[in-house]
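Below you'll find the structure, written out as structure tokens, and then a few comments.
Numbering (our numbering), first residue to last: 12 to 178.
Okay, here's the thing in structure tokens:
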């Protein structure tokens, strides 16, 4: 039985000439692992994690060895740090407000698609800043800032992967 099943994805674009966007992938936790570290390891090995985020269907390249700007072989559960909800909110809000306040539409989309997930998460993880050696030689320099959160909702039996970046 599959431990983690892809459910759906949502995409928020800022539409303000900054090329910023947020990609949210929703998963159902089919079999509860012993701990969150095991769930993070399962996520990293999931085919939907193989996404360079350079196109709307880049996750379909199941042979890809890249996730965002990083080589998959450079990623493990230890590349994530446990954070509290306040830090998760600050990560998204600081990035979203970097150039200017988001429009009302984008702010509402962020509320509905991202911030609400943070509120219901029982565990929050953030991908740490990785060193240059972890970047993919070909693709690791295309994306701008790259923020990744993994939100686990034990009550709802779900995991959400949030990537906020620009290109």
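Yeah, the Cβ is synthetic: ideal placement off N, Cα and C, and Gly gets one too.
Please read all numbers here as calculations on a predicted model, not as lab measurements.
Got a sec? Which residues, its chain only, sit under 8 Å from residue i by beta carbon, not counting five neighbours each side?
| i | result |
| --- | --- |
| residue 121 | 23, 33, 103, 107, 113 |
| residue 44 | 14, 50, 53 |
Within a Cβ cutoff of 6 Å, which residues of the same chain sit near residue i, ignoring the five residues on either side of it in sequence?
| i | result |
| --- | --- |
| residue 83 | 76 |
| residue 36 | 20, 59, 172 |
| residue 128 | 162, 171 |
How many Å lie between residue i and residue j at the Cα?
| i | j | result |
| --- | --- | --- |
| residue 160 | residue 13 | 22 Å |
| residue 170 | residue 157 | 19 Å |
| residue 63 | residue 115 | 29 Å |
| residue 130 | residue 95 | 10 Å |
| residue 165 | residue 93 | 15 Å |
| residue 91 | residue 47 | 11 Å |
| residue 26 | residue 126 | 19 Å |
Would you list the residues sitting across from residue i in a DSSP beta bridge?
| i | result |
| --- | --- |
| residue 21 | 35 |
| residue 125 | Looking at the DSSP assignment, residue 125 forms no beta bridge with any residue, so it has no partner. |
| residue 177 | 31 |
| residue 92 | 137 |
| residue 82 | 77 |
Going by beta carbon distance, what residues of the same chain come within less than 7 Å of residue i, once the five residues before and after it are set aside?
| i | result |
| --- | --- |
| residue 175 | 33, 103, 106, 158 |
Next on the checklist: To test your reading of the DSSP string, which unbroken alpha helix (DSSP H) runs of 4 or more residues are found completely within the stretch 33 to 72?
Outcome noted: 47 to 56
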